[in-house]
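Engineer: After the structure tokens below, expect a handful of questions from me.
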Amino acid sequence: MVGQQTALAHDDAVEDTATPGKEIAGKSPTQIAFARLRKDKVAVVCGIVLVFLIVVAVCAPLITRAFHIYWDISDPNAPNVSEVVDFDGFPSVGPPFHPFTWSHPLGVAPKVGYDNLAYLVYGLRTSLLVAFSATIISTFVGVVLGLMAGFSRGWLDRVISFVTDLFLAFPYLLGMLALAPIIVSRFTRDLDKLARAQLITLISILVIFGWMGLARLIRGQVLSLREREFILAAEVIGVPTRQILFKELLPNLVAPIVVSISLGLPGFVAAEAGLSFLGLGLTGTPSLGKMVSDATPYYADYGLYLWLPVGAITLLTLSLNLLGDSVRDAFDPRTRR
Amino acid sequence: MFGYIVRRLMSAALVVVLTSMIVFLLFFKGPSNPAQPLCDLNGKCTQEKLALLTEQLGLNDSVVHQYGIWAGGIFHSREIDFGATYTCDAPCLGISYRSRGQVTDELFEKFPATISIAVGGASIYLVLGVLLGTIAARRRGTWVDRGLVGFSVFVSAVPYYVIALLVWIYVSLQWKLIQDTSYHPLTSDPVHWFTGLSLPWLVIGLTSSTAYARYSRGQMIETMGEDYVRTAVAKGVSQRGVVVRHALRAAIVPIVTIFGLDFAFLLTGTVFTEQIFGIDGIGRWGINALRSPTDFPVVSATVLVAAVIIVIANLIVDLLYAVIDPRVRLA
Numbered sequence: 001m002v003g004q005q006t007a008l009a010h011d012d013a014v015e016d017t018a019t020p021g022k023e024i025a026g027k028s029p030t031q032i033a034f035a036r037l038r039k040d041k042v043a044v045v046c047g048i049v050l051v052f053l054i055v056v057a058v059c060a061p062l063i064t065r066a067f068h069i070y071w072d073i074s075d076p077n078a079p080n081v082s083e084v085v086d087f088d089g090f091p092s093v094g095p096p097f098h099p100f101t102w103s104h105p106l107g108v109a110p111k112v113g114y115d116n117l118a119y120l121v122y123g124l125r126t127s128l129l130v131a132f133s134a135t136i137i138s139t140f141v142g143v144v145l146g147l148m149a150g151f152s153r154g155w156l157d158r159v160i161s162f163v164t165d166l167f168l169a170f171p172y173l174l175g176m177l178a179l180a181p182i183i184v185s186r187f188t189r190d191l192d193k194l195a196r197a198q199l200i201t202l203i204s205i206l207v208i209f210g211w212m213g214l215a216r217l218i219r220g221q222v223l224s225l226r227e228r229e230f231i232l233a234a235e236v237i238g239v240p241t242r243q244i245l246f247k248e249l250l251p252n253l254v255a256p257i258v259v260s261i262s263l264g265l266p267g268f269v270a271a272e273a274g275l276s277f278l279g280l281g282l283t284g285t286p287s288l289g290k291m292v293s294d295a296t297p298y299y300a301d302y303g304l305y306l307w308l309p310v311g312a313i314t315l316l317t318l319s320l321n322l323l324g325d326s327v328r329d330a331f332d333p334r335t336r337r
Numbered sequence: 001m002f003g004y005i006v007r008r009l010m011s012a013a014l015v016v017v018l019t020s021m022i023v024f025l026l027f028f029k030g031p032s033n034p035a036q037p038l039c040d041l042n043g044k045c046t047q048e049k050l051a052l053l054t055e056q057l058g059l060n061d062s063v064v065h066q067y068g069i070w071a072g073g074i075f076h077s078r079e080i081d082f083g084a085t086y087t088c089d090a091p092c093l094g095i096s097y098r099s100r101g102q103v104t105d106e107l108f109e110k111f112p113a114t115i116s117i118a119v120g121g122a123s124i125y126l127v128l129g130v131l132l133g134t135i136a137a138r139r140r141g142t143w144v145d146r147g148l149v150g151f152s153v154f155v156s157a158v159p160y161y162v163i164a165l166l167v168w169i170y171v172s173l174q175w176k177l178i179q180d181t182s183y184h185p186l187t188s189d190p191v192h193w194f195t196g197l198s199l200p201w202l203v204i205g206l207t208s209s210t211a212y213a214r215y216s217r218g219q220m221i222e223t224m225g226e227d228y229v230r231t232a233v234a235k236g237v238s239q240r241g242v243v244v245r246h247a248l249r250a251a252i253v254p255i256v257t258i259f260g261l262d263f264a265f266l267l268t269g270t271v272f273t274e275q276i277f278g279i280d281g282i283g284r285w286g287i288n289a290l291r292s293p294t295d296f297p298v299v300s301a302t303v304l305v306a307a308v309i310i311v312i313a314n315l316i317v318d319l320l321y322a323v324i325d326p327r328v329r330l331a
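Right, here's the structure in full:
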């Protein structure tokens, strides 16, 4: 890693000095980090895989329409369950038991009879939707609370820090599990809105247990930054507090925020699928975790059914995690893997 | 030192009290009507029955009063009345809606399984992780190091439950290598206890050891570069002596800190492990209680106990820090 670092430094130096005729352009730390990231092969491969998965998730309705496949068997256009599933509940069309057909490229689910490809792409959509929303909201909450705590010192800092510690002491997995049914039962009584209520509940639970790490980090950073000369100077010449927070402090916090986002995303993906796997997350919306738990009993006879969601979750979390590691290395050259 | 301990104890107690309030509010004020699942459990739930149960459970009283009764039960026995009257001995965490047994008794009954899983898994990952990390640090830059780091990055990137599920399916069900995964009490059947838990231990141990390997590798690389390590090498201490006595002893301090918290989280419910391998511990008990109709006394007890364990672990880690690291001075 040290060798690589000097190589990187060397590259940067070459870029700066190789073209003497050109105007010397300043690079922001973010630009330098992205330049490093582009040179990282693992990051590039993971980035491509992720873009592909995101495109698939965004285009899920187009894909299902193109193939005429349905994840929801109650859809009026969907084939009758008895057409795709035989008497014992085993699929009667599609791989791996029957020849490949374009109408069911990855086969159908036993018993319920929905199309595996349709369920998979919609499950991916849910995973990414939940993970991205949870990341954005919890990042926002973490940054705002961290800024407030770090900048105010006094009692507000003590209150926020105490609440942060309190949440960190809460057993998050059990807390998440226990909160889900309560929030859902509180806010919905009719089944039509259940799916949406579950989705919102899931995102809020992930946010409730996901903001503390960043809030702590930002607070620490702000505590050290606010003693620096440029902040003191801004205070002396009477820059309004809001401007100091957002124009002076926030740009200096880009690196930790980006790193925390990139490391937080895979965690949220795993958490969403995990909760659904336990049967306590989403029931009305397709979810990769739910597909895994549905497919578990068929591991021996219908391995494809199990490996589809397992493979999708693994691919998604693996590429997000590896990309996150690369982002961290790119933004913080001191880290050693 | 003494002042620090007192302050630390007081703040821990405050956190426990606040957590108990949060737990109480969550489970006895959060649901639209906590008596609903109880009412659903025995036959058809009529309006009168629901109203009667709500009254009997004291849900019409003020929140403060209800919390007082609920928290008071932890210190002295109380009677709980729904349908029939149940005596609940101290420490009382309520009567399970479903089994109609005392929650505390069931908690003590389920806890050994979770403790067994946690202790076994944690000892494997701590030893294995530190060992692999030390090896990787000693052979830094070689293929051993790169292989270990690459493998650990890969394993920690895949969600734990995916690995556990695949291991259970293939090792236990398909290839029948270790068939028996279940919990037998250590006191009655030590051999079965060991064989039944060996697979969960291995899965927890191997998956979590990767994080420890990476972490202890980083720590070891740092301490191996210290002057006193160079001094030890220069005065002719053996390779092993340098690594074990000089470098590892310093490197292990932050590892112990993380281990304490990890272990506490493991104790609070190895939810996925218990669910996948079918072991009757706290995690599975909590999950089953959550299925509708929700068994609120059980759920609140698991969350409360888990929170208390984490607070205690935090406390122990903070205090232990001063003992194992002489550089830390507490004031």
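Just so you know, the sequences run in chain order R and L. Take the first sequence: its position 217, counting from 1, is numbered 217 in full-length UniProt numbering, and each next residue is one higher. Take the second sequence: its position 248, counting from 1, is numbered 248 in full-length UniProt numbering, and each next residue is one higher. The C-beta atom is built at its ideal place from N, Cα and C for all residues, glycine as well.
What would DSSP say about Gln174(L), mapped onto helix, strand or coil?
Structural biologist: Helix.
Engineer: Using a Cβ-Cβ cut-off of 8 Å, state whether Pro159(L) counts as contacting chain R.
Structural biologist: Cβ-Cβ to chain R under 8 Å: yes for Pro159(L).
Engineer: Answer yes or no: does any C-beta atom of chain R fall closer than 8 Å to that of Ile169(L)?
Structural biologist: Cβ-Cβ to chain R under 8 Å: yes for Ile169(L).
Engineer: Could you list which residues in chain L have their beta carbon closer than 8 Å to that of Asp301(R), in chain order?
Structural biologist: Near Asp301(R) there are no residues of chain L at all, since even the closest Cβ is about 12 Å away, more than 8 Å.
Engineer: So, does the CB of Gly147(L) fall closer than 8 Å to a CB anywhere in chain R?
Structural biologist: Judged by the 8 Å Cβ criterion, Gly147(L) is not in contact with chain R.
Engineer: Checking contacts by CB at 8 Å: is Phe277(L) closer than that to chain R?
Structural biologist: False, the Cβ-Cβ gap to chain R never drops below 8 Å.
Engineer: Could you tell me which residues DSSP puts in a beta bridge with Val85(R)?
Structural biologist: Per DSSP, Pro91(R).
Engineer: The alpha helix (DSSP H) that contains Ala109(R), what's its start and end?
Structural biologist: Unbroken run through Ala109(R): none, as it is neither H nor E.
Engineer: Tell me, please, whether the CB atom of Leu166(R) is closer than 8 Å to any CB atom in chain L?
Structural biologist: Output row for Leu166(R): interface = yes.
Engineer: In angstroms with no decimal places, state the Cα-to-Cα distance between Arg226(R) and Tyr321(L).
Structural biologist: If you take the alpha carbons of Arg226(R) and Tyr321(L), they lie about 30 Å apart.
Engineer: Nearer than 7 Å: is that true of the beta carbon of Ala122(L) relative to any heavy atom of the ligand NAD?
Structural biologist: Ligands in the displayed structure: none, and consequently the ligand NAD is not present.
Engineer: Counting only Cβ-Cβ distances shorter than 7 Å, please list the residues of the segment 302-321 of chain L near chain R, keeping chain order.
Structural biologist: Result list: Thr302, Val303, Ala306, Ala307, Ile310, Val311 and Asn314.
Engineer: Using only the alpha-carbon positions, how far apart do Ser62(L) and Ala35(L) sit?
Structural biologist: Approximately 16 Å between the Cα atoms of the pair.
Engineer: For the structure I just gave you, are there three or more beta carbon pairs, one from the segment 232-243 of chain R and one from the segment 294-303 of chain R, closer than 8 Å?
Structural biologist: Segments in contact, no.
Engineer: Helix, strand or coil for Ala9(R)? Go by DSSP, reduced to three states.
Structural biologist: Any reading at Ala9(R) needs caution, since the residue's pLDDT is 46, under 50, leaving its predicted position unreliable; the model's value is listed next. In this structure, Ala9(R) counts as helix in the three-state DSSP scheme.
Engineer: Arg65(R) by DSSP, collapsed to three states: which one?
Structural biologist: Here Arg65(R) sits in helix by DSSP.
Engineer: Pairing CB atoms from the segment 269-289 of chain L with CB atoms from the segment 193-201 of chain L, are three or more of them under 8 Å?
Structural biologist: Yes: at least three Cβ pairs fall under 8 Å.
Engineer: How far does the alpha helix (DSSP H) with Tyr161(L) in it extend, from its first residue to its last?
Structural biologist: Unbroken alpha helix (DSSP H) run through Tyr161(L): Tyr160 to Val167.
Engineer: Kindly list the residues whose CB is nearer than 6 Å to the CB of residue 415(R), restricted to its own chain and excluding five residues on each side of it in sequence; keep chain order.
Structural biologist: Summary: the structure shown does not reach residue 415(R), with chain R confined to residues 1 through 337, and so no result is reported for it.
Engineer: Taking CB distances under 8 Å as the criterion, tell me whether Ile287(L) reaches chain R.
Structural biologist: So yes, Ile287(L) belongs to the interface.
Engineer: What's the C-alpha gap between Val311(L) and Gly89(R)?
Structural biologist: Whole-angstrom Cα-Cα distance: 49 Å.
Engineer: For chain A, check one thing: does any of its Cβ atoms lie closer than 8 Å to the Cβ of Ala43(R)?
Structural biologist: Although the question refers to chain A, the structure presented lacks it and instead comprises the protein chains R and L.
Engineer: Would Arg284(L) pass as an interface residue toward chain R - the criterion being a Cβ-Cβ separation below 8 Å?
Structural biologist: No, Arg284(L) lies away from the interface with chain R (no Cβ there is under 8 Å from its Cβ).
Engineer: Starting from Ala270(R), find everything on chain L with Cβ-Cβ shorter than 7 Å and list it in chain order.
Structural biologist: The answer, in chain order, is Pro159.
Engineer: Spatial neighbours of Trp193(L) within its chain, please: C-beta separation below 8 Å, excluding the five flanking residues on both sides.
Structural biologist: Excluding sequence neighbours, Trp193(L) sits near Ser116, Tyr183, His184, Pro185 and Leu186.
Engineer: Along the chain, where does the beta strand (DSSP E) containing Glu79(L) start, and where does it finish?
Structural biologist: Counting along the chain, the beta strand (DSSP E) containing Glu79(L) begins and ends at Arg78 to Phe82.
Engineer: Rounded to the nearest angstrom, what separates Leu53(L) and Phe82(L) at their Cα positions?
Structural biologist: Rounded to whole angstroms, Leu53(L) to Phe82(L) spans 6 Å at the Cα level.
Engineer: At 9 Å on the CB atoms, spell out the chain L contacts of Val292(R), in chain order.
Structural biologist: Correct list: Tyr161, Val162 and Leu165.
Engineer: Give me the residue from Leu304(L), Ala247(L) and Asp40(L) with the minimum Cα distance to Tyr228(L).
Structural biologist: Of the candidates Leu304(L), Ala247(L) and Asp40(L), the one whose C-alpha sits nearest the C-alpha of Tyr228(L) is Ala247(L).
Engineer: Whose Cβ in chain R lies nearer than 9 Å to the Cβ of Phe272(L)?
Structural biologist: Leu173, Gly274, Phe277 and Leu278, listed in chain order.
Engineer: Would you mind giving the Cβ-Cβ distance between Leu148(L) and Leu132(L), rounded to the nearest angstrom? I have them listed as a contact below 8 Å.
Structural biologist: Right, their Cβ atoms sit about 6 Å apart.
Engineer: So, Gly264(R) versus Thr135(R), is the Cβ gap smaller than 8 Å?
Structural biologist: Yes, they are a contact pair.
Engineer: Which class does Cys39(L) belong to by DSSP, given the choice of helix, strand or coil?
Structural biologist: The answer is helix: DSSP assigns Cys39(L) an H, G or I state.
Engineer: Which of the three DSSP states is assigned to Asp280(L) in this structure?
Structural biologist: Of the three classes helix, strand and coil, the one that applies to Asp280(L) here is coil, per DSSP.
Engineer: Contact criterion: CB-CB distance below 8 Å. Does Ile313(R) meet it with respect to chain L?
Structural biologist: Yes, its Cβ sits closer than 8 Å to a Cβ of chain L.
Engineer: From the DSSP output, read off the bridge partner residues of Tyr86(L).
Structural biologist: According to DSSP, Tyr86(L) bridges with Ile80(L).
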